[in-house]
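Written out below as structure tokens is the structure these notes cover.
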Amino acid sequence: MTTIRKCLVGLGNVGLEFAGTRHNIGFQVVDDFVASRRPVLSFRPMKHLHGDVCLFDDAIVVKPSTFMNMSGDCVRTVLEYYKIPMDHLLVVCDDVELPLGKLRLRGKGSHGGQNGLRSIQQRLGTVQYARLKVGIGRPEDRTAELGNYVLGRFSNQDSRCVPFVAHAGAAVCEAWISKGVEEAARMASEYKLPS
Numbered sequence: 129m130t131t132i133r134k135c136l137v138g139l140g141n142v143g144l145e146f147a148g149t150r151h152n153i154g155f156q157v158v159d160d161f162v163a164s165r166r167p168v169l170s171f172r173p174m175k176h177l178h179g180d181v182c183l184f185d186d187a188i189v190v191k192p193s194t195f196m197n198m199s200g201d202c203v204r205t206v207l208e209y210y211k212i213p214m215d216h217l218l219v220v221c222d223d224v225e226l227p228l229g230k231l232r233l234r235g236k237g238s239h240g241g242q243n244g245l246r247s248i249q250q251r252l253g254t255v256q257y258a259r260l261k262v263g264i265g266r267p268e269d270r271t272a273e274l275g276n277y278v279l280g281r282f283s284n285q286d287s288r289c290v291p292f293v294a295h296a297g298a299a300v301c302e303a304w305i306s307k308g309v310e311e312a313a314r315m316a317s318e319y320k321l322p323s
């Protein structure tokens, strides 16, 4: 009997100019996930899938090489190519509505204004897939342009928290693969940044 792999997708924008930006926290979480399992294993570019892919026996980890607003193209192609059902998909992305360090996993839901999730929802035609939202907070200046904020880098103080958040997010992804949505959601809700 063949086991159907889970599909873990981290959202972000490709290119060095976007490395370390708030919008790329999804990439950071899946990078940490891969490193925690097999440090010598890395992502391979797969142009026909519109993304970089890392294969494990129980999981396919994907970083779309499209820009955030077109992430759905990659996700749909990967699901079709590997014949992965919707209930085996977890998308990791940033969320400005959650404070930095807060993690929230849901088995389904709306895009909440997140453009990568919006693209996935449009391309898949459903909201029936799991998502792990990683809090990046809102700008202190409420009049600041949100697009510039999410494409900006973390402050020096906040950047010290990011490795802890990425590690915790990777652990939640591991729990989702091995124990399911409910256990992973509980784990995410209980996470607190170290003081």
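Residue 129 is where the sequence shown starts when you use my numbering, and the numbers rise one by one after that. Cβ coordinates follow ideal geometry from the N, Cα and C atoms, glycine included.
Checklist entry - Do the region 295-304 and the region 237-244 touch if we need at least three Cβ pairs shorter than 8 Å? => result no
Next on the checklist: Measuring straight from C-alpha to C-alpha, what distance separates ALA299 and VAL157?
Outcome noted: 9 Å
Checklist entry - What separation, rounded to the nearest whole angstrom, lies between the Cα atoms of SER238 and VAL255? => result 6 Å
Item to check | Nonlocal neighbours in the same chain, by C-beta distance under 6 Å from PRO200, ignoring five residues either side | outcome: Inspection of the sequence shows that residue 200 is occupied by Gly rather than by Pro. Excluding its 5 nearest sequence neighbours in each direction, GLY200 has C-beta neighbours in its own chain below 6 Å: SER247, ILE248, GLN250, ARG251, listed in chain order.
Item to check | GLY240 to CYS135 span [Cα, whole Å] | outcome: 21 Å
Next on the checklist: Contact defined as beta carbons within less than 8 Å: I believe ASP180 pairs with ARG172. What is the distance between those atoms, to the nearest angstrom?
Outcome noted: Indeed, because the Cβ distance is near 7 Å, the residues count as touching under 8 Å.
Checklist entry - Is VAL162 buried or exposed, if buried means 16 or more other CB atoms sit within 10 Å of its CB? => result buried
Checklist entry - If we count the other Cβ atoms within 10 Å of its Cβ and call it buried at 16 or more, is TYR209 buried or exposed? => result exposed
Item to check | Cβ-based neighbour list, LEU207, same chain, cut-off 7 Å, excluding 5 preceding and 5 following | outcome: Counting only Cβ-Cβ distances below 7 Å, and skipping sequence neighbours, we find CYS135, LEU217.
Checklist entry - From the DSSP output, which residues share a beta bridge with PRO329? => result Only positions 129 to 323 of the chain appear in this structure, which leaves residue 329 out of reach.
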